[in-house]
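Protein chains in written order, with the working numbering: chain A, 366 to 781; chain B, 208 to 359. Here a beta-carbon is modelled for each residue, glycine too, at the ideal position from N, C-alpha and C. The structure presented is a predicted model; accordingly, all values stated were derived computationally and were not measured.
Right, here's the structure in full:
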């Protein structure tokens, strides 16, 4: 019986010839990523250990991205703790360079790796053929000290993609549609694997967007095969070489396979307060907004900024509406600068922020007040996620967000 | 076998980590400081009402969302003895185990029980409510036992 990509990566990390879904294995981790959301807690626990030690500091990557620049004395203290510890222990450290998952994709992750991240959207690394999964700080600490952990091998849900997305329909519309279809726990404990002829029509940006959001269906990880598009991305980003390129075997066991024609996907919006509370954008047309957000690990890449700029060019942001544009990394920011995209956004009246998690996680900048409505390319629309507990977040694509910023209300991306 | 009885607080489906402890309180110094804000987006009064030994009963996908370990820690700090839900999101599940918060899977109790009622938990075996016995659905230990052929 063959193996899935998820099974092959875990077998490699466990140093065994084969594993099966449902088994529990002890594995060696290739990377352990942590950000300023919880690293200070990990350090506190580390300092309480009787014999604190780091198994392999070259595997640790620490990234300050959740509160950048720092917004309060409390976060300043926790970030200082993280910064000092990283310096004293020789840990790879980034600050202000971008959202953690974007930095990991641009600079570190290679195909075949098994990676723990102290952040739920670590599943993004599947776009590069790596098994990324989110953990809390206790699991993180265990990996940091021992170099390994235990994992249960997940069953796989397979998504066979064919065709091509229509103009102004994005990968984000696709993954939101899938989450709406299978539900917020539709992939709980599972791997979601994306294959098929349609993959050749999806850029790395699209692929990261798809894999990144799979945790919103409960997935343990998301995985894609390595192809020429993946290899070209790795080459352009530091000439990185794969550790291993895996495909699922023909006789691998999948719990379920879904066939999706990309040309059938339409622009969608996830309504408050659940990511699977989905509607075609036309159904929520006319909902007044106070703020629009284009950014995040899900949708702050150069392709997203190009799409947003192409729509807002020559228009103005609606009166009394704030439009925040937050490139996902310095690389994206500088590319947008070179292409003149930031000029287009500023001419329209948008605010350009430094790369960080921003209002996607409801801290640091752009927080919304009671009764306010945000249309967002962020990852979540939970109650209170972007600020006041009585505020409302709608999730849409970069195209939908840009068009809505102009209109002052949620509109179809085809409006302008 | 360990047994305990507690008062029920009833919550719905998809109780996410931002509801359990909102982002704005994560910067507070200790979990004890955060605890009064537990569940505040959904029920601001709840944290003050929960007494040590109480039990949370909920629907599907409890703990979905972020990897913040403060979520199970806050529930524990409030004195909650156990959470009984139809299912759990996986990161929360691991975090709860790592922090010694008892999670029990049960598919039907949340449909039957009323808030304020008392239930009795026979750890690893069953839940008793209103004269009816509900078997535990599983959990990691059961899964391991099944995997190794110790139980069916």
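How about residue i and residue j: are their beta carbons less than 8 Å apart?
| i | j | result |
| --- | --- | --- |
| residue 379/A | residue 369/A | no |
| residue 627/A | residue 528/A | yes |
| residue 580/A | residue 660/A | no |
| residue 713/A | residue 677/A | yes |
| residue 494/A | residue 600/A | no |
| residue 721/A | residue 691/A | yes |
| residue 275/B | residue 585/A | no |
| residue 636/A | residue 522/A | no |
| residue 689/A | residue 723/A | yes |
| residue 568/A | residue 762/A | no |
| residue 398/A | residue 374/A | no |
| residue 646/A | residue 632/A | yes |
| residue 774/A | residue 652/A | yes |
| residue 519/A | residue 490/A | no |
| residue 572/A | residue 640/A | no |
| residue 515/A | residue 230/B | no |
| residue 393/A | residue 513/A | yes |
Below 7 Å on C-beta distance, what does residue i contact in chain A?
| i | result |
| --- | --- |
| residue 209/B | Ordered by position in chain A, no residue passes the 7 Å Cβ test against residue 209/B, which lies about 23 Å from the chain. |
| residue 267/B | 550 |
Report the neighbours of residue i on chain B: residues whose CB is nearer than 8 Å to its CB, in chain order.
| i | result |
| --- | --- |
| residue 485/A | 272, 273, 274 and 298 |
| residue 639/A | 221 |
| residue 622/A | Within 8 Å Cβ-Cβ: nothing; residue 622/A doesn't reach chain B, min ~22 Å. |
Identify every residue that forms a DSSP beta bridge with residue i.
| i | result |
| --- | --- |
| residue 523/A | 558/A and 622/A |
| residue 589/A | 559/A |
| residue 295/B | 269/B |
| residue 498/A | 481/A |
| residue 463/A | 694/A |
| residue 733/A | 752/A |
| residue 223/B | 271/B |
| residue 687/A | 656/A |
| residue 336/B | 339/B |
| residue 399/A | 427/A |
| residue 329/B | 210/B and 333/B |
| residue 726/A | For residue 726/A, which the question treats as bridged, DSSP gives no partner whatsoever. |
| residue 644/A | 634/A |
| residue 390/A | 516/A |
| residue 342/A | The question about residue 342/A has no answer here: the residues shown for chain A are numbered 366 through 781. |
| residue 311/B | 291/B |
| residue 264/B | 217/B and 291/B |
Are the C-beta atoms of residue i and some chain A residue less than 8 Å apart?
| i | result |
| --- | --- |
| residue 231/B | yes |
| residue 288/B | no |
| residue 234/B | yes |
| residue 313/B | no |
| residue 437/B | Here chain B comprises residues numbered 208 to 359, so residue 437/B is not present and cannot be evaluated. |
| residue 337/B | no |
| residue 333/B | no |
| residue 302/B | yes |
Against residue i, what residues of chain A qualify as contacts under a CB-to-CB distance less than 9 Å, listed in chain order?
| i | result |
| --- | --- |
| residue 250/B | Those within 9 Å of residue 250/B in chain A number zero; the least Cβ separation is about 10 Å. |
Who are the neighbours of residue i on chain A, taking C-beta pairs under 8 Å?
| i | result |
| --- | --- |
| residue 226/B | 747, 748 and 749 |
| residue 306/B | 503 |
With a threshold of 8 Å between beta carbons, is residue i in contact with chain B?
| i | result |
| --- | --- |
| residue 457/A | no |
| residue 314/A | Outside the shown range of chain A (366 to 781) lies residue 314/A, about which nothing can therefore be said. |
| residue 554/A | yes |
| residue 437/A | yes |
| residue 403/A | yes |
| residue 728/A | yes |
| residue 585/A | yes |
| residue 754/A | yes |
Below 7 Å on C-beta distance, what does residue i contact in chain B?
| i | result |
| --- | --- |
| residue 406/A | 276 |
| residue 500/A | 274, 298 and 301 |
| residue 440/A | 234 |
Between the stretch 283-292 of chain B and the stretch 256-273 of chain B, can you find at least three pairs of beta-carbon atoms closer than 8 Å? Contact between the stretch 256-273 of chain B and the stretch 283-292 of chain B is present, because at least three Cβ pairs lie under 8 Å.
For the stretch 475-487 of chain A against the stretch 437-444 of chain A, are there 3 or more C-beta pairs whose distance is under 8 Å? Here the stretch 475-487 of chain A makes no contact with the stretch 437-444 of chain A; the two share fewer than three CB pairs at distances below 8 Å.
Assess contact between the stretch 751-766 of chain A and the stretch 728-740 of chain A, defined as three or more Cβ pairs (one per stretch) separated by less than 8 Å. Is contact present? Touching, per the Cβ criterion.
Is it the case that the stretch 276-286 of chain B contacts the stretch 330-341 of chain B, given that we only count it when at least three CB pairs across the two stretches are under 8 Å? Counting Cβ pairs under 8 Å, fewer than three are found: no touch.
Quick check: the stretch 684-704 of chain A against the stretch 401-408 of chain A, are at least 3 beta-carbon pairs closer than 8 Å? No, because fewer than three Cβ pairs between the stretch 401-408 of chain A and the stretch 684-704 of chain A fall closer than 8 Å, the two stretches do not touch.
Evaluate the contact criterion for the stretch 267-277 of chain B versus the stretch 216-225 of chain B: three or more CB pairs, one atom per stretch, below 8 Å. Judged by pairs of C-beta atoms under 8 Å, the stretch 267-277 of chain B touches the stretch 216-225 of chain B, as three or more such pairs exist.
With a cut-off of 8 Å, do at least 3 Cβ pairs link the stretch 679-686 of chain A to the stretch 747-754 of chain A? Below 8 Å, too few C-beta pairs join the stretch 679-686 of chain A and the stretch 747-754 of chain A to call them touching: fewer than three.
I'd like to know if the stretch 454-472 of chain A and the stretch 544-554 of chain A are in contact, where contact means that at least 3 CB-CB pairs between them fall below 8 Å. Note that the stretch 454-472 of chain A does not touch the stretch 544-554 of chain A; fewer than 3 beta-carbon pairs, one per stretch, sit closer than 8 Å.
Looking at C-beta atoms only, is the number of pairs between the stretch 250-262 of chain B and the stretch 297-305 of chain B that lie closer than 8 Å three or more? Too few Cβ pairs lie closer than 8 Å, so no.
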